[in-house]
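Enquirer:
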């Protein structure tokens with residue numbers, strides 16, 4: 008009887024915790040322009056939270072996102088066709104168009120290289136599902152080397168819903184680094200479950216696995232971010248960098264820009280000026296982490312002299328497709 012009471016108590020606590028975090032509802036794709044003086048602001052999501060109607064919006068020039076309160080906000084719905092027609096010269100639409108034209112590759116579809124204003128890279132760190140702890144040495148090393156010349160240090164985290172679910176302490180630690188102004192994170196959608204079967208061919212693996220619910224994989228990840236007070240970006244990374252024309256176009260229709268990499272360090276690819284560098288920070292790729300630490304050490308003097316920089320993903324891509 009005592010064990011039964013304990014079980015009921017634990018179930019109640021679990022359900023209460025899950026319910027208290029589930030604050031977002033009616034989350035959906037919603038395309039609209041905002042008549043509030045922000046000429047290049049586009050709404051891409053609509054949802055309810057704490058009794059309010061909210062929108063996720065993107066600046067078509069800078070690709071910065073923000074959450075807007077819906078009360079007293081005048082919106083005008085717009086189709087993708089009209090959006091591509093009326094805003095064709097903006098960085099956001101140019102990037103989507105470019106990604107659509109690069110959608111036929113089985114691996115690394117989308118944008119793989121940024122804008123090399125000077126010698127430097129755009130760093131992307133993938134956080135796939137893992138029971139291992141976050142490789143915090145990546146972040147402390149970045150702060151140690153770049154914090155003297157670039158503060159906050161810009162980086163992009165490709166996050167999965169499962170990683171957020173299993174690593175709440177690591178997420179809070181990352182948030183604390185942002186709060187202190189040490190780092191500036193662009194949160195990239197990396198799907199919720201990151202399905203993977205090592206015995207299955209790539210053409211039927213990852214997001215291409217038959218029966219995959221794309222809607223859940225994309226939108227539930229954004230919901231998980233918002234419920235943790237994190238801001239979804241308009242960038243998306245395919246699990247395993249694997250996709251096909253159909254799934255790439257599906258992702259683009261969510262208003263997301265697929266981001267690949269031309270420098271996956273654990274695979275021996277070298278970082279050059281403007282490279283979008285990929286490493287895994289989920290404890291499963293020690294070779295990539297070691298290579299990145301070596302890269303930092305080899306460029307230490309250039310970092311100190313501001314001749315070797317880290318670029319913000321939003322800035323790197325928006326500048327690449329600037330008018």
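Numbering (this note's numbering), first residue to last: 8 to 330.
All C-beta atoms in this analysis are idealised placements derived from N, C-alpha and C, irrespective of residue type, glycine included.
Could you give the distance in angstroms between the alpha-carbon of residue 243 and the alpha-carbon of residue 199?
Expert: 12 Å
Enquirer: Whose C-alpha, out of 106, 138, 276 and 52, is nearest the C-alpha of residue 254?
Expert: The shortest Cα separation from residue 254 among 106, 138, 276 and 52 belongs to 106.
Enquirer: With a CB to CB cut of under 7 Å and the five nearest residues on each side skipped, what residues in its chain are close to residue 303?
Expert: 148 and 152
Enquirer: Could you confirm whether any beta carbon from chain D is found closer than 8 Å to the beta carbon of residue 302?
Expert: Of the protein chains in the structure, only one exists, and it is not chain D.
Enquirer: For my contact list, residue 82 and residue 41 are in at a C-beta cut-off of 8 Å; report their separation, rounded to the angstrom.
Expert: 6 Å
Enquirer: Measure how close the beta-carbons of residue 77 and residue 62 come, nearest whole angstrom, since I'm counting them as under 8 Å.
Expert: Sure, about 6 Å apart at Cβ, within 8 Å.
Enquirer: When you compare the CB positions of residue 245 and residue 116, do they come within less than 8 Å of one another, or not?
Expert: yes
Enquirer: If you follow the alpha helix (DSSP H) that residue 92 is part of, which residue opens it and which one closes it?
Expert: Start and end: 87-93.
Enquirer: If we call anything under 8 Å between Cβ atoms a contact, is residue 132 one with residue 145?
Expert: yes
Enquirer: Could I get the ranges of all uninterrupted alpha helix (DSSP H) runs contained in the segment 214-295, with 4 residues as the minimum, in chain order?
Expert: 221-234 and 252-259
Enquirer: Can you list, in chain order, the residues of its chain with a C-beta nearer than 7 Å to that of residue 30? Leave out the 5 residues immediately preceding and following it.
Expert: 56, 57 and 234
Enquirer: Ends of the alpha helix (DSSP H) at residue 180?
Expert: 175-186
Enquirer: Taking its Cβ as the centre, do 16 or more other Cβ atoms sit within 10 Å of residue 169, making it buried, or is it exposed?
Expert: Buried, because 16 or more other Cβ atoms sit within 10 Å of the Cβ of residue 169.
Enquirer: Which of the three DSSP states is assigned to residue 212 in this structure?
Expert: coil
Enquirer: How many angstroms separate the CA atom of residue 27 from the CA atom of residue 123?
Expert: A caution first: residue 27 carries a pLDDT of 47, below 50, which makes its placement in the model unreliable, though a value can still be read off. Inter-residue distance for residue 27 and residue 123 is about 44 Å (C-alpha atoms, whole angstroms).
Enquirer: Once the 5 residues before and after residue 155 are set aside, which same chain residues still bring their CB inside 6 Å of it?
Expert: Same-chain partners within the cutoff: there are none.
Enquirer: List the residues that DSSP assigns as beta-bridge partners of residue 168.
Expert: Residue 168 pairs with nothing; no bridge assigned.
Enquirer: For residue 67, count the other beta carbons within 10 Å of its own beta carbon; 16 or more makes it buried, fewer makes it exposed. Which is it?
Expert: buried
Enquirer: Count the other CB atoms, across all protein chains shown, that sit within 10 Å of the CB of residue 317; report buried if there are 16 or more and exposed otherwise.
Expert: When all chains shown are included, residue 317 counts as buried.
Enquirer: Alpha carbon to alpha carbon, how far is residue 237 from residue 270?
Expert: 27 Å
Enquirer: Who pairs with residue 163 in a beta bridge, going by DSSP?
Expert: 131 and 193
Enquirer: Restricting to Cα atoms, I'd like to know which of 85, 104 and 140 is closest to residue 178.
Expert: By alpha-carbon distance to residue 178, the top candidate from 85, 104 and 140 is 140.
Enquirer: When the distance is taken between beta carbons, is residue 142 closer than 8 Å to residue 296?
Expert: yes
Enquirer: Work out the CA separation of residue 64 and residue 75 for me, nearest whole Å.
Expert: 7 Å
Enquirer: Expressed to the nearest angstrom, what Euclidean distance is found between the alpha-carbon atoms of residue 325 and residue 209?
Expert: C-alpha separation (whole angstroms): 31 Å.
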